[in-house]
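*Asks:*
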Amino acid sequence: MNEMTRSRKMKRSILYNKSATFGFYALGVLVLLLIFWLLYSILSKGLPGLSLEFLTKLPEDMDIGGGIGPVLFNSFYILFLSLIISIPIGVGAGIYMAEYAPNNKFTEILRICVESLSSVPSIVFGMLGLAIFAEYFQVGLTILGGAVSLAFLNLPMLARVTEEAVRSVPNDMRNASYALGMTKFQCIRTVVLPMAMQGIITGICLVAGRAFGESAVILLTAGLSTSGEMWDFNLLSPGETLAVHLWYVQSEAIVEDARQIADKSAAVLVLVVLLINLLFRIPLWITNRKLKR
Amino acid sequence: MNTPVQQIVPEDRALRKPSNKFKFTRSVRVRLTNRLFKYYFLFSILALCFVLGLVIFFIGKTAFLTFGHISLSEFFLSFNWNPEEEHFGAAAFIINTISLTLLTLVMAVPISVGMAVLIAEIAPKWFKNLIRPVLDLLVGIPSIVYGYIGLTVLIPFLRKVSGENLGDGILAAALVLALMVLPTISRISDEAIVSVPKKYREAAYAMGSTRLQVIMRVILPAAGRGIIAAIIMGMTRAIGETMAVVMVIGNTAQLAKSFFSPTSVLTSNIVMQISNVEFDSTWNYALHMMAFLLLVISFILILFIRFLGRKGRNT
Numbered sequence: 001m002n003e004m005t006r007s008r009k010m011k012r013s014i015l016y017n018k019s020a021t022f023g024f025y026a027l028g029v030l031v032l033l034l035i036f037w038l039l040y041s042i043l044s045k046g047l048p049g050l051s052l053e054f055l056t057k058l059p060e061d062m063d064i065g066g067g068i069g070p071v072l073f074n075s076f077y078i079l080f081l082s083l084i085i086s087i088p089i090g091v092g093a094g095i096y097m098a099e100y101a102p103n104n105k106f107t108e109i110l111r112i113c114v115e116s117l118s119s120v121p122s123i124v125f126g127m128l129g130l131a132i133f134a135e136y137f138q139v140g141l142t143i144l145g146g147a148v149s150l151a152f153l154n155l156p157m158l159a160r161v162t163e164e165a166v167r168s169v170p171n172d173m174r175n176a177s178y179a180l181g182m183t184k185f186q187c188i189r190t191v192v193l194p195m196a197m198q199g200i201i202t203g204i205c206l207v208a209g210r211a212f213g214e215s216a217v218i219l220l221t222a223g224l225s226t227s228g229e230m231w232d233f234n235l236l237s238p239g240e241t242l243a244v245h246l247w248y249v250q251s252e253a254i255v256e257d258a259r260q261i262a263d264k265s266a267a268v269l270v271l272v273v274l275l276i277n278l279l280f281r282i283p284l285w286i287t288n289r290k291l292k293r
Numbered sequence: 001m002n003t004p005v006q007q008i009v010p011e012d013r014a015l016r017k018p019s020n021k022f023k024f025t026r027s028v029r030v031r032l033t034n035r036l037f038k039y040y041f042l043f044s045i046l047a048l049c050f051v052l053g054l055v056i057f058f059i060g061k062t063a064f065l066t067f068g069h070i071s072l073s074e075f076f077l078s079f080n081w082n083p084e085e086e087h088f089g090a091a092a093f094i095i096n097t098i099s100l101t102l103l104t105l106v107m108a109v110p111i112s113v114g115m116a117v118l119i120a121e122i123a124p125k126w127f128k129n130l131i132r133p134v135l136d137l138l139v140g141i142p143s144i145v146y147g148y149i150g151l152t153v154l155i156p157f158l159r160k161v162s163g164e165n166l167g168d169g170i171l172a173a174a175l176v177l178a179l180m181v182l183p184t185i186s187r188i189s190d191e192a193i194v195s196v197p198k199k200y201r202e203a204a205y206a207m208g209s210t211r212l213q214v215i216m217r218v219i220l221p222a223a224g225r226g227i228i229a230a231i232i233m234g235m236t237r238a239i240g241e242t243m244a245v246v247m248v249i250g251n252t253a254q255l256a257k258s259f260f261s262p263t264s265v266l267t268s269n270i271v272m273q274i275s276n277v278e279f280d281s282t283w284n285y286a287l288h289m290m291a292f293l294l295l296v297i298s299f300i301l302i303l304f305i306r307f308l309g310r311k312g313r314n315t
C-alpha cells in the first residue's frame with residue numbers, strides 16, 4: 001500500500017537522497033585514506049633508517065652519512081625563543097580582546113588589525129625580518145632574527161586562540177568571583193585563566209607545531225647554514241632549521257645520499273609536529289578525566 | 001541578561017575603602033596590580049598593531065621605490081621579467097597567482113564543502129570524532145613536507161599519467177595547494193553548517209523533504225555566508241603559500257600557458273630571488289612591490305570576510 005502511494009517524483013528524490021548519502025560517505029572515506037596514505041608514505045620512507053647517530057651528527061658537505069644534529073637543535077632553539085617572545089604578548093592581547101575590549105569603533109579597528117596580521121603571508125614576515133635585521137641592524141642572518149620574525153608570525157594566532165578560550169568561560173564564574181569582591185585582574189588570574197588554560201595550551205601547541213615546520217620565514221631570516229657546532233647557543237650565529245635543511249638538501253646539496261637525508265628529515269619533521277600536538281595534550285587529558293570523576 | 005556585574009557597577013566604586021589611606025596595604029596592592037595589568041593587556045594588543053604597522057611600513061617603504069625607476073604600467077602590464085636586463089614586468093606572476101588560486105579552489109571547494117556536509121549533517125558521532133582531529137592533523141603538517149611529497153611522489157606520477165617529460169607546473173602546484181587548503185575550508189564550513197538553527201531543519205523535514213533536499217535547499221543557502229568566508233580563508237592561504245609551491249612549480253618567469261609548463265607565482269619568485277639581490281637595487285624594490293601586492297590582496301580578502309559577516313548579522 002505504501003509503495004502505491006509514492007509518486008514517481010518522490011521515488012526519484014528518495015533515490016537521489018540514498019545515492020548522495022553514499023557519495024558523501026565515499027568522499028569522506030577517500031579523503032581519510034588519502035591522509036593516512038600521505039602520513040604513511042612520509043613516515044615509512046624515513047623512520048626505518050632513523051638512528052640516534054643521524055639525529056645528533058653534523059651534516060656533511062661532500063661525504064655520505066651526514067646527520068641533522070645542529071639543524072634539529074636550531075629548530076627547537078628558534079621555536080623556544082620565538083615562543084618566549086610571542087606568548088606573553090599574544091596571550092595578553094587575547095585576554096584584552098576577550099575581557100577588556102569595550103564595544104566600540106576602537107575595538108573594531110583592533111580586531112581588523114589582528115585579522116589582517118593573521119592573513120599576512122609568511123614570506124612577507126620573512127622579508128620584514130630581512131629588512132629589520134639584515135638591513136637596518138646589519139647583523140646578517142641570525143638565530144635571533146629568525147626567532148623574532150617567527151614570533152611575529154605566531155602573534156595573531158596566539159591572540160585568536162586565547163581570545164576564544166577566554167570567551168568560552170561562562171559569565172557565571174566571573175559574577176561569582178566579583179561577588180566575593182575580587183578586582184578584575186584577580187578574577188582573570190584566579191578564575192578565568194585556570195578555566196581557559198586547556199584551550200590556551202591546545203592553541204599554543206597548534207602554534208608551536210606550525211612554527212616548528214615553518215620554512216619561508218627562517219629561510220630568509222636565519223639563513224641556509226649553521227655555525228657547524230652542535231650546541232651553539234649564540235644568538236648571532238646563523239640558524240638553519242630542519243625545515244630549511246629539507247629544502248636545502250633536496251634543492252642544492254651534492255651529497256650522494258641527499259635523497260635519504262631528505263626522506264629522514266621529512267619523517268622527523270612530521271613526527272615532531274605530531275608529538276608537539278599530542279604530547280602536550282596528554283597531561284590536560286588526564287586532569288580532565290580526573291575532574292569528570 | 002548574562003552580563004558580568006562589573007559592566008553594570010563600575011569596579012572602583014565598589015572596592016574603595018576609606019581607611020588606610022597612605023599605607024601600602026593589600027587592597028592598595030591589589031588595586032595597583034589590577035590597574036597595571038589592564039595597561040599591560042592594552043599594551044600587548046597595541047604591540048600586535050605595531051607589528052602590523054612595521055610590516056606595512058618596511059615592505060611598503062621599499063616597495064614604492066620601484067616606481068622611481070620603472071613606470072607603473074611597466075610593472076603591472078609587461079610580461080617581460082628579466083632583471084639582468086632591467087626589465088621588471090610582473091604581470092605574468094600576478095596572472096599566474098590568480099590562475100593558480102582559481103585552479104586550487106576549483107579542485108578544493110567541492111571536496112571540502114562535501115566533507116563539511118558529511119561531518120556536520122550525515123556522519124554518526126564516532127565518525128565525526130575520527131575525522132575532525134584527522135583534518136586538524138593535516139593542518140599541522142609543515143608546508144615544506146607537502147612540497148617534498150609533491151616533488152617526490154606527485155610529479156613522477158603526473159609525468160607518467162600525462163606523458164610530459166616535466167611534471168612541474170601549475171597543475172602540480174594546484175594539487176598540492178588543494179590538499180593544503182582542504183582542512184581549512186572544510187573545518188570553517190563545518191562550523192558554519194553546525195550553527196544553522198535546528199528549527200530550519202525540522203521545518204524542512206516536517207514538510208517531507210529528504211535529507212539531500214534539506215542539505216541543498218535549506219542548509220547550504222543558510223550557511224552560505226559562512227561557507228564563502230571559509231573559501232576566502234582558503235584563498236588567503238593558497239595565495240600566500242610559498243615553500244610547497246616553489247618546490248613543484250618549476251620556477252620559470254613566464255605565463256602559464258598549459259597545466260604542465262614550468263612557471264612562477266609571486267611568492268615563489270620572491271623566495272627564489274630575494275637572497276641573491278643587492279638591497280639598493282630596482283630588482284629588490286620590485287620584489288618588495290610584489291610582496292606588498294600579496295599584502296594588499298590578503299587585506300582586501302579579510303575585509304571582504306568582515307563585510308560578509310556584518311551583512312549576515314544585519315539581515
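Going down the list, the sequences are from chains C and W.
For what it's worth, the UniProt record's numbering labels the leading residue of the first sequence as 1, then goes sequentially.
For what it's worth, the UniProt record's numbering labels the leading residue of the second sequence as 1, then goes sequentially.
Beta carbons are placed, not taken as given, at the ideal position from N, Cα and C, and that holds for glycine.
Here the structure is a predicted model, which means the values were calculated and not measured.
If I measure Cβ to Cβ from W:Leu-77 and keep anything under 6 Å in the same chain, skipping five residues before and after, which residues do I get?
*Replies:* By one-based count along the second sequence, residue 77 of chain W stands at place 77. Same-chain partners within the cutoff: Ala-91.
*Asks:* Using DSSP's beta-bridge definition, name the partner residues of W:His-69.
*Replies:* Taking the first residue of the second sequence as position 1, residue 69 of chain W is located at position 69. W:His-69 pairs with nothing; no bridge assigned.
*Asks:* For residue 297 of chain C, which three-state DSSP category applies?
*Replies:* No answer is possible for residue 297 of chain C: the residues shown for chain C start at 1 and end at 293.
*Asks:* Are the stretch 120 to 134 of chain C and the stretch 45 to 64 of chain C in contact at 8 Å, needing three or more beta carbon pairs?
*Replies:* With a cut-off of 8 Å, the stretch 45 to 64 of chain C and the stretch 120 to 134 of chain C do not count as touching, because too few Cβ pairs lie within range.
*Asks:* In terms of DSSP beta bridges, what is W:Phe-88 paired with?
*Replies:* For the purposes of this step, residue 88 of chain W is taken as the residue at position 88 of the second sequence. Partner(s): W:Trp-81.
*Asks:* Around the Cβ of W:Phe-260, are there at least 16 other Cβ atoms within 10 angstroms (buried) or fewer (exposed)?
*Replies:* Taking the second sequence and counting its residues from 1, one reaches residue 260 of chain W at position 260. Buried, because 16 or more other Cβ atoms sit within 10 Å of the Cβ of W:Phe-260.
*Asks:* Compare the Cα-Cα distances from W:Ala-172 to each of W:Ile-249, W:Phe-75 and W:Ile-305 and report the closest residue.
*Replies:* Counting from one through the second sequence, the residue named residue 172 of chain W turns up at place 172. The shortest Cα separation from W:Ala-172 among W:Ile-249, W:Phe-75 and W:Ile-305 belongs to W:Ile-249.
*Asks:* Go ahead and pull the three-state DSSP assignment for C:Thr-226.
*Replies:* Sequence index remark: in the first sequence, residue 226 of chain C carries index 226 (1-based). In the structure shown, C:Thr-226 sits in a strand (DSSP, three-state: E or B).
*Asks:* With a 10 Å radius around its C-beta and 16 neighbouring C-beta atoms as the bar for buried, classify C:Thr-190 as buried or exposed.
*Replies:* For the purposes of this step, residue 190 of chain C is taken as residue 190 along the first sequence, with counting starting at 1. C:Thr-190 comes out exposed.
*Asks:* Is W:Ala-116 close to chain C? Criterion is C-beta to C-beta, closer than 8 Å.
*Replies:* As a working note, residue 116 of chain W is residue 116 in the second sequence. Closer than 8 Å: no.
*Asks:* Can you find at least 3 beta carbon pairs, one from the stretch 97 to 113 of chain C and one from the stretch 42 to 49 of chain W, that sit closer than 8 Å?
*Replies:* Inter-segment contact for the stretch 97 to 113 of chain C and the stretch 42 to 49 of chain W is present: three or more beta-carbon pairs are separated by less than 8 Å.
*Asks:* Do C:Leu-117 and C:Pro-156 have their C-beta atoms closer together than 8 Å?
*Replies:* One-based indexing of the first sequence puts residue 117 of chain C at position 117. One-based indexing of the first sequence puts residue 156 of chain C at position 156. Result yes, Cβ atoms of C:Leu-117 and C:Pro-156 sit closer than 8 Å.
*Asks:* Chain W partners of C:Thr-21, CB-CB under 8 Å?
*Replies:* For the purposes of this step, residue 21 of chain C is taken as the residue at position 21 of the first sequence. What C:Thr-21 touches in chain W: Ile-122, Arg-211 and Leu-212.
*Asks:* At a CB-CB cut-off below 8 Å, which residues of chain C make contact with W:Asn-34?
*Replies:* Here residue 34 of chain W refers to the residue found at position 34 of the second sequence. Result: Thr-183, Lys-184, Phe-185 and Gln-186.
*Asks:* Quick check: is the beta carbon of C:Leu-33 nearer than 8 Å to any beta carbon in chain W?
*Replies:* Working through the first sequence from its first residue, we reach residue 33 of chain C at position 33. Using a Cβ-Cβ cut-off of 8 Å, C:Leu-33 does not count as an interface residue toward chain W, since no Cβ of chain W sits closer than that to its own.
*Asks:* Can you tell me the Cα-Cα spacing of W:Met-107 and W:Ala-178, whole angstroms?
*Replies:* For the purposes of this step, residue 107 of chain W is taken as residue 107 along the second sequence, with counting starting at 1. For the purposes of this step, residue 178 of chain W is taken as residue 178 along the second sequence, with counting starting at 1. Rounded to the nearest whole angstrom, the CA to CA distance from W:Met-107 to W:Ala-178 is 6 Å.
*Asks:* Please identify, using Cβ separations under 8 Å, the residues of the stretch 238 to 266 of chain W that lie next to chain C, in order along the chain.
*Replies:* Ile-239, Gly-240, Glu-241, Thr-242, Met-243 and Met-247
*Asks:* Would you say C:Ile-123 faces chain W, with C-beta separation under 8 Å as the test?
*Replies:* Against the first sequence, residue 123 of chain C aligns to sequence position 123. For C:Ile-123, the answer is yes, since a Cβ of chain W falls inside 8 Å of its Cβ.
*Asks:* Taking W:Met-247 as the reference, which of W:Lys-61, W:Ile-188, W:Leu-308 and W:Leu-154 has the closest Cα?
*Replies:* As a working mapping, residue 247 of chain W is identified with position 247 in the second sequence. Answer by Cα proximity: W:Leu-154.
*Asks:* Do residue 349 of chain W and W:Thr-242 have their C-beta atoms closer together than 8 Å?
*Replies:* This structure cannot speak to residue 349 of chain W, because chain W is shown only from 1 to 315.
*Asks:* Within a Cβ cutoff of 6 Å, which residues of the same chain sit near W:Thr-104, ignoring the five residues on either side of it in sequence?
*Replies:* For the purposes of this step, residue 104 of chain W is taken as the residue at position 104 of the second sequence. The residues Ala-174, Leu-177, Ala-178 and Ala-238, in chain order, have a CB closer than 6 Å to that of W:Thr-104 in the same chain once the five nearest residues on each side in sequence are set aside.
*Asks:* Taking Cβ-Cβ distances shorter than 9 Å, what residues in chain W pair up with C:Pro-70?
*Replies:* The sequence position of residue 70 of chain C within the first sequence is 70, counting from 1. The premise fails here: C:Pro-70 is roughly 18 Å from chain W at the closest Cβ pair, so nothing lies under 9 Å.
*Asks:* Would W:Arg-187 pass as an interface residue toward chain C - the criterion being a Cβ-Cβ separation below 8 Å?
*Replies:* Along the second sequence, read from residue 1 onward, the residue named residue 187 of chain W stands at position 187. No, because no Cβ of chain C sits closer than 8 Å to the Cβ of W:Arg-187.
*Asks:* Name the chain W residues that come within less than 8 Å of C:Ile-282, Cβ to Cβ?
*Replies:* Taking the first residue of the first sequence as 1, we reach residue 282 of chain C at position 282. Result: empty, since nearest Cβ-Cβ is about 14 Å, beyond 8 Å.
*Asks:* Which of the three DSSP states is assigned to W:Gly-226 in this structure?
*Replies:* Position 226 of the second sequence, counting from 1, holds the residue named residue 226 of chain W. For W:Gly-226, the three-state secondary structure derived from DSSP is helix.
*Asks:* Can we say the stretch 238 to 248 of chain C touches the stretch 134 to 148 of chain W, given the rule of at least three CB pairs closer than 8 Å?
*Replies:* yes
*Asks:* The stretch 271 to 284 of chain W: which residues have C-beta closer than 9 Å to a C-beta of chain C, in chain order?
*Replies:* Val-271, Ile-274, Ser-275 and Phe-279
*Asks:* Helix, strand or coil for W:Thr-242, going by three-state DSSP, please let me know.
*Replies:* Numbered from its first residue, the second sequence carries residue 242 of chain W at position 242. Three-state DSSP puts W:Thr-242 in coil, outside helix and strand.
*Asks:* Could you run through the stretch 241 to 271 of chain C and flag, in chain order, every residue whose CB is less than 7 Å away from some CB of chain W?
*Replies:* Ala-243, Leu-246, Trp-247, Gln-250, Ala-262, Ala-266, Leu-269 and Val-270
*Asks:* Between W:Ala-286, W:Ser-27 and W:Ala-230, which has its C-alpha nearest W:Glu-191's C-alpha?
*Replies:* Here the question's residue 191 of chain W lines up with position 191 in the second sequence. Considering only alpha carbons, the answer is W:Ala-230.
*Asks:* Can you tell me whether C:Met-1 is buried or exposed? The criterion is at least 16 other CB atoms within 10 Å of its CB, across all chains shown.
*Replies:* Looking up residue 1 of chain C in the first sequence gives position 1. Bear in mind that the predicted position of C:Met-1 carries a pLDDT of just 45, short of 50, making it unreliable; the figure below should be weighed with that in mind. So C:Met-1 ends up on the exposed side.
*Asks:* Using a Cβ-Cβ cutoff of less than 6 Å, which residues in the same chain neighbour C:Glu-163 once the five nearest sequence positions on both sides are dropped?
*Replies:* The residue given as residue 163 of chain C occupies position 163 in the first sequence. Gly-94, Met-97 and Ala-98, listed in sequence order.
*Asks:* For C:Ala-196 and C:Gly-46, which I take to be in contact (beta-carbon distance under 8 Å), what is that distance rounded to the nearest angstrom?
*Replies:* Looking up residue 196 of chain C in the first sequence gives position 196. Looking up residue 46 of chain C in the first sequence gives position 46. In fact, because the Cβ distance is near 37 Å, the residues do not count as touching under 8 Å.
*Asks:* Helix, strand or coil: which one does DSSP assign to C:Met-1?
*Replies:* Reading the first sequence from its first residue, position 1 is the one you call residue 1 of chain C. Note on C:Met-1: pLDDT 45, under 50, position unreliable in the model; the coordinate value appears next. DSSP places C:Met-1 in coil when its eight states are reduced to three.
*Asks:* Our contact map puts W:Leu-137 next to W:Ser-186 with C-beta atoms below 8 Å; I'd like the distance itself, whole angstroms only.
*Replies:* As a first step, residue 137 of chain W is located in the second sequence; it is residue number 137 there, counting from the start. As a first step, residue 186 of chain W is located in the second sequence; it is residue number 186 there, counting from the start. That pair is no contact at about 13 Å.
*Asks:* Would you say C:Ile-89 faces chain W, with C-beta separation under 8 Å as the test?
*Replies:* Numbered from 1 along the first sequence, position 89 holds the residue referred to as residue 89 of chain C. So, interface residue.
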